[in-house]
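Going left to right, the sequence shown walks through residues 1 to 289 as the UniProt record's numbering numbers them.
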Amino acid sequence: MRGFELVRPATLEEAIRLLDTDDPTVRPLSGGTAIMQMMKTGIFKPSRLVSLSSLAGDHSAITLDDKGFLSIGAMTTLAAVEHSQVVLQHAPLLPKVMKRLANVRVRNAATVGGALAHGDPHMDLPPVLAALDAEVIAQGPGGQRRIPVADLYAGYFETVLQRGEIIASVSVPPRNGCNSVYRKTTTRTADDWPALGVATSLGRGEGVLQHVRLFASAATERMTRLGSAEAHLRGNRPEAKLLEEAGRIAAQEVEVIDDAHGSAAYKVALVAVQVRRALHEALQQGSEQ
C-alpha cells in the first residue's frame with residue numbers, strides 16, 4: 001500500500017471543500033470497510049483520504065419527524081440501524097436485512113452513507129432502500145439536494161454524486177400500509193456477498209396491487225428497477241399466475257452478468273424464482289396483519 005495523506009475535517013463544510021478537487025484519487029473515508037480492502041489489494045491508490053470520523057456526532061442520529069419520515073444520519077453504523085427500536089417500528093425490513101449483511105465486525109464499523117456511496121452493485125442496502133422509496137440528502141459545493149436511492153447509481157461502482165458531494169443523511173417515508181421484502185441468494189455463507197438481491201414493496205387497495213416497487217441487484221452491473229414487471233403487476237389482483245408471470249418478465253428485462261457468484265444463465269433463472277418468491281412473501285405479510 002503506497003503512502004497517502006489523511007485529513008480529518010471538523011465540519012461537513014470543511015470536508016466538502018477538501019473533496020472539491022479534480023483529483024479522482026481524493027475520497028471520503030467513513031467506516032472504511034470497503035475502501036481499505038480496495039487499497040490493500042492495490043485496486044485503489046488514493047492521494048488523500050478525507051476522514052469523516054469527526055462528523056459522526058452530528059451525522060449519526062436516527063430520528064422520526066411528525067409526518068412519519070425516518071431520518072438516518074450518514075455516519076450511522078449498520079449495527080446501530082440493526083438495533084434501533086425506531087427503525088424497527090417504522091422500517092422493519094432494515095433491521096431484518098442487517099442480520100445477513102456481512103458480519104458483526106463489519107456492521108459495527110460500516111456506515112449507511114458509505115454503503116450507499118460506494119457504488120458496489122453487490123451491496124444489500126441500496127435495493128432495500130430503493131424499494132422503500134428512500135432518498136439520500138446530499139450536501140455539496142452547490143448546496144443540498146435530494147436524490148432518490150433508485151436514481152443514485154449510474155453504472156458499475158458509479159453514482160450520480162457530483163464532485164465534492166457527500167451523503168449527509170437518508171430519508172425513509174412512512175410505509176402507508178405497504179409490505180416490503182428482501183431476498184438474498186448467496187453461493188457460500190448466509191452473510192456473503194449476494195449472487196442476487198431482490199427487493200420489493202407492495203401495497204394493495206380495492207383488491208388490486210396499487211403500489212409496486214421491484215429492484216434487482218448483485219447479478220447486474222448496477223441496481224436495476226424492474227419496471228416492466230412492476231407495470232404487469234400494478235392494477236391487477238395478486239393471484240399466483242400473476243406472480244409467476246411477473247417473475248418471467250423480470251428475468252427477461254434484467255441484464256445480468258457472469259462473475260464468481262455464478263453464470264448469467266444461472267442468474268436469469270434465479271431472478272424469475274426469487275422475484276416470484278419475494279412477491280409472494282410480501283403478500284403473505286399483508287394477509288397476516
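A virtual CB, placed ideally from N, CA and C, is assigned to each residue, including glycine.
For residue i, the first and last residue of its enclosing beta strand (DSSP E)
i	result
residue 6	5 to 7
residue 62	62 to 64
residue 145	143 to 148
residue 51	48 to 51
residue 135	135 to 140
residue 114	Careful: residue 114 lies outside any beta strand (DSSP E), inside the alpha helix (DSSP H) at 112 to 117.
residue 208	208 to 217
residue 55	Neither: residue 55 is in no beta strand (DSSP E) and is coded neither H nor E.
residue 263	Looking at the DSSP string, residue 263 is not in any beta strand (DSSP E), and its letter there is neither H nor E.
residue 220	First-last for residue 220: undefined, no H or E at that position.
residue 179	179 to 185
residue 28	26 to 29
residue 153	153 to 155
Residue i versus residue j: straight-line alpha-carbon distance, rounded
i	j	result
residue 63	residue 100	24 angstroms
residue 275	residue 283	12 angstroms
residue 98	residue 123	11 angstroms
residue 20	residue 272	43 angstroms
residue 269	residue 196	11 angstroms
residue 7	residue 104	27 angstroms
residue 158	residue 151	11 angstroms
residue 220	residue 266	13 angstroms
residue 26	residue 52	13 angstroms
residue 289	residue 177	Confidence at residue 289 is low in this model, with a pLDDT of 49, below 50, so the placement of that residue should be treated as unreliable; the coordinate-derived value is given next. Between residue 289 and residue 177, the C-alpha separation is close to 10 angstroms.
residue 206	residue 170	32 angstroms
residue 279	residue 70	24 angstroms
residue 155	residue 213	20 angstroms
residue 239	residue 47	56 angstroms
residue 13	residue 142	11 angstroms
residue 188	residue 66	43 angstroms
residue 250	residue 244	10 angstroms
residue 215	residue 168	24 angstroms
residue 91	residue 199	14 angstroms
residue 49	residue 252	41 angstroms
residue 162	residue 201	29 angstroms
Span of the alpha helix (DSSP H) around residue i
i	result
residue 14	12 to 19
residue 240	240 to 253
residue 35	35 to 40
residue 95	93 to 98
residue 227	227 to 233
residue 127	125 to 131
residue 78	78 to 83
residue 104	104 to 109
Where residue i falls, given that 16 or more other Cβ within 10 Å makes a residue buried
i	result
residue 82	buried
residue 61	exposed
residue 184	buried
residue 11	exposed
residue 190	exposed
Option in the options with minimal Cα separation from residue i
i	options	result
residue 172	117, 112, 227, 197	112
residue 225	46, 148, 265	148
residue 95	218, 79, 108, 110	79
residue 227	142, 130, 257, 206	130
residue 23	45, 36, 136	45
residue 134	118, 216, 110, 174	174
residue 262	208, 181, 193	193
residue 4	59, 256, 36	36
residue 222	18, 168, 30, 117	117
residue 16	179, 89, 229, 140	140
residue 18	164, 128, 73	164
residue 102	29, 125, 90, 87	125
residue 57	182, 136, 234, 72	72
residue 34	87, 109, 86, 59	109
residue 146	198, 166, 241	166
residue 218	90, 128, 92	128
residue 179	210, 74, 106, 32	210
Residue i CB to nearest heavy atom of the ligand SAH below 7 angstroms
i	result
residue 92	The model depicted lacks the ligand SAH and carries no ligand whatsoever.
Short CB-CB distance (under 8 angstroms) between residue i and chain D
i	result
residue 221	Of the protein chains in this structure there is only one, and it is not chain D.
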